[in-house]
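**Student:**
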Amino acid sequence: MPQNLIENTIAFVKEKLEGAEAGHDWFHIERVWKLSKKIAATETCNVAVVELSALLHDIADPKFHEGDETLALKISNEFLQNQNVPKEIIVQVLFVIKNISFKNRGEVPKVLPIELQIVQDADRLDAIGAIGIARTFNFGGFKNNLMYHPDLPPKLNQTKEEYKKSTGTTINHFYEKLLLLKDLMNTKTGKNLAENRHQLMLDFLAQFYKEWNVE
């Protein structure tokens, strides 16, 4: 493996994501990378694949690229080839990037490699808890979505296309995605870390409704 590969990858990602929406910027990547390393320490896995996948997983999020799900794979493949990363490592990293997304969960193989399980858990952990709440409202503001509307119920069991086109309220997003993530964790560490973050969201929602209804 090339020397300074992780440092080079960090520099590349920071440059690529300069000016990105604050919920999907370098700091999101950094948190997912650190969480991935924390989880990887409790599993038998290829740490290089885990770190590279975590760092590159949102290099071109389809939400910000007209729904293009191939761009991240192209950018990552080209970067890793230029870094002289072995082909078998590149293949594994691209597999993680392709299959990590919540919206693609119905399309992935039944048995997932541990590296994907780890990075997916880390990415989902960053979508819940205090950080998850902050990211969700930041993105809702970015899209100019309503925070909440009492007459607009959440749309559960959405298809991939419905989810991608959703313009629902920020509060509905908790029910359509965030509150589902705790039970979708793969690893024991991921499940343990999700518990407190999940409870925090439930407490937040309870308080939100109290304040909304001026109780």
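To convert, note that position 193 of the sequence shown is 259 in this note's numbering; the numbers rise steadily by one, no gaps.
Glycine included, each C-beta is placed from N, C-alpha and C at the ideal position.
#1: Is it right to say T136 is buried, meaning 16 or more other beta carbons lie within 10 angstroms of its own, or is it exposed?
#2: Pairs of beta-carbons, one from the segment 200–216 and one from the segment 230–249, closer than 8 angstroms: are there three or more?
#3: Using 7 angstroms as the cut-off, classify the Cβ of W99 as near or not near the heavy atoms of the ligand SAM, replying yes or no.
#4: Give the C-beta separation of R190 and L250 to the nearest angstrom, bearing in mind that I take them to be a contact with Cβ-Cβ under 8 angstroms.
#5: Look at A188 and V98 and say whether their C-beta atoms are less than 8 angstroms apart.
#6: My parser needs the alpha helix (DSSP H) runs of 4 or more residues fully inside the segment 178–240; what are they?
#7: Counting only the same chain and skipping the five closest in sequence on each side, list residues whose C-beta sits under 8 angstroms from that of H123.
#8: Starting from the Cα of K276, find the closest Cα among H264, L245 and P216 and give me that residue.
**Tutor:** Concretely, from the data shown:
#1: Locating residue 136 in the sequence shown gives position 70, counting from the first residue. Exposed: under 16 other Cβ atoms inside 10 Å.
#2: yes
#3: You won't find the ligand SAM in this model; it holds no ligand whatsoever.
#4: Counting from 1 along the sequence shown, the entry for residue 190 is found at position 124. Counting from 1 along the sequence shown, the entry for residue 250 is found at position 184. Contact flag correct, Cβ pair sits at about 7 angstroms.
#5: The count along the sequence shown starts at 1 and reaches residue 188 at position 122. The count along the sequence shown starts at 1 and reaches residue 98 at position 32. In this structure, A188 lies near V98, with their beta-carbon atoms less than 8 angstroms apart.
#6: 180–191, 195–208 and 226–231
#7: Here residue 123 is taken as the residue at index 57 of the sequence shown, counted from 1. Within the same chain, H123 has close Cβ partners I95, V98, A138, V162, I163, I166, V185 and D189.
#8: Along the sequence shown, one-based indexing puts residue 276 at 210. Ranked by Cα distance from K276, the first of H264, L245 and P216 is P216.
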